[in-house]
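Asks: End of the sequence shown = 383 in this note's numbering, gap-free, step of one.
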Amino acid sequence: MKKNILLVTLSCLVVLIMVGLANAQGLLVYETSFEEDAIGVTPAGWQSAPFATSAVVVDSSEIPAADGQKVVRLTNDPSSYGEFFLDTEDIYHGKLVVQFYQISSPRENINIEIRNQRSRLAGAYITQSGNVRARDNGVTTGNLINLPVENWHIFVMEWNVAEQWFKISYVENGQENLITQAQLDATQSGEPGNRIYINISPRDEEKVAYIDNVRIYDLGK
Numbered sequence: 163m164k165k166n167i168l169l170v171t172l173s174c175l176v177v178l179i180m181v182g183l184a185n186a187q188g189l190l191v192y193e194t195s196f197e198e199d200a201i202g203v204t205p206a207g208w209q210s211a212p213f214a215t216s217a218v219v220v221d222s223s224e225i226p227a228a229d230g231q232k233v234v235r236l237t238n239d240p241s242s243y244g245e246f247f248l249d250t251e252d253i254y255h256g257k258l259v260v261q262f263y264q265i266s267s268p269r270e271n272i273n274i275e276i277r278n279q280r281s282r283l284a285g286a287y288i289t290q291s292g293n294v295r296a297r298d299n300g301v302t303t304g305n306l307i308n309l310p311v312e313n314w315h316i317f318v319m320e321w322n323v324a325e326q327w328f329k330i331s332y333v334e335n336g337q338e339n340l341i342t343q344a345q346l347d348a349t350q351s352g353e354p355g356n357r358i359y360i361n362i363s364p365r366d367e368e369k370v371a372y373i374d375n376v377r378i379y380d381l382g383k
């Protein structure tokens, strides 16, 4: 009973944090916690690559969900990223909020990017050890902060095309904490973001990571 109460309390806390973030932002243009999606398939609206099984919905019997009962599992293979992406409207000043979970083993780097139809505008990745790095004008930074494995983390990426910067942050105890501000990829100068792209890197042995609670805001509206 105590365990059930704790799970309900944590789920309510996640919802309150997400609502707080929404109230502080512009127009919410997309949100999902994958609760309405079928188990074993790629969530509605998203595309999975290179295989249909690279990104599928699983239930909380496999991994405790950040809230609710369902999450997305990303799986790679020796030659390919395990990836999924969502195409959106053009957003020149926006914010992505997403939760991720790395298990102790077999874990892998998680890449989170804002793209257009051709290339990356902004990006960050979380190493196998939970170290966060940014793609500053396409160049990878050193370790900026550690977000420990075996935990759900709320990760935030804001981008501003007019000013050519992006910021990455994490949320802890309901507070958004800036990790760094970096430069958008100069090769895509002036281009809006219109694709949310998340993957895990290829390795000789199959690895997995988990994603939940995706929200996208247009801060220009």
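The beta-carbon is built from N, C-alpha and C at its ideal position, and this holds for glycine as well. For clarity, every value in this text was computed on a predicted model and none was experimentally measured.
(1) Which same chain residues end up closer than 8 Å to D252 when comparing Cβ atoms and leaving out the 5 residues on each side of it in sequence?
(2) On a CA-only basis, which of R365, L236, L248 and I288 is nearest Q209? Give me that one, please.
(3) Could you give the DSSP three-state label for Q343: helix, strand or coil?
(4) Give the C-beta separation of V191 and Y379 to the nearest angstrom, bearing in mind that I take them to be a contact with Cβ-Cβ under 8 Å.
(5) With distance defined between alpha-carbon atoms, name the residue in N278, A217, V203 and F262 nearest to A228.
(6) Which residues share a DSSP beta bridge with N361?
(7) Express the C-alpha separation of F196 and G300 in angstroms, rounding to a whole number.
(8) So, under 8 Å CB-CB, I276 and I360 are touching, yes? Tell me the CB distance rounded to an integer number of Å.
(9) Return the chain-ordered ranges of every beta strand (DSSP E) run that is complete within the region 185-252 and spans a minimum of 3 residues.
(10) Q264 by DSSP, collapsed to three states: which one?
(11) With the cut-off set at 7 Å, would you say Y372 and I225 are in Cβ contact?
(12) Ordered along the chain, which non-local residues of its own chain (more than five positions away) have a Cβ less than 8 Å from that of W327?
(13) Rounded to the nearest angstrom, what separates P240 and R377 at their Cα positions?
(14) So who's on the other strand from Q290, going by DSSP bridges?
(15) Can you name the start and end residues of the beta strand (DSSP E) that N322 belongs to?
(16) With 16 as the cutoff for other CB atoms within 10 Å, does G352 come out buried or exposed?
(17) Measuring CB to CB, does K257 end up less than 7 Å from L340?
(18) By DSSP, does E367 sit in helix, in strand, or in coil?
(19) Just the C-alpha distance for G188 and H255, rounded to the nearest angstrom, thanks.
(20) Assuming R282 and R297 are in contact, meaning their beta carbons sit under 8 Å apart, how far apart are those beta carbons, in whole angstroms?
Replies: Answer, in terms of the structure:
(1) P354, G355 and N356
(2) L248
(3) Secondary structure at Q343: strand, using DSSP grouped into helix, strand and coil.
(4) 7 Å
(5) F262
(6) E245 and N273
(7) 31 Å
(8) At roughly 11 Å, the Cβ-Cβ gap does not stay under 8 Å, so I276 and I360 are not in contact.
(9) Listed in chain order, they are 189-194, 208-211, 217-221 and 232-237.
(10) Correct three-state label for Q264: coil.
(11) yes
(12) Close CB contacts of W327 within its chain, under the 8 Å cut and outside five residues either way in sequence, are with W321, Q343, A344, Q345 and L346 (chain order).
(13) 30 Å
(14) None; Q290 has no bridge partner.
(15) Looking at the DSSP string, the run of the beta strand (DSSP E) that includes N322 is W314 to N322.
(16) By the 10 Å Cβ count, G352 comes out exposed.
(17) Taking C-beta atoms as the reference points, K257 and L340 fail to come closer than 7 Å.
(18) coil
(19) 10 Å
(20) 7 Å
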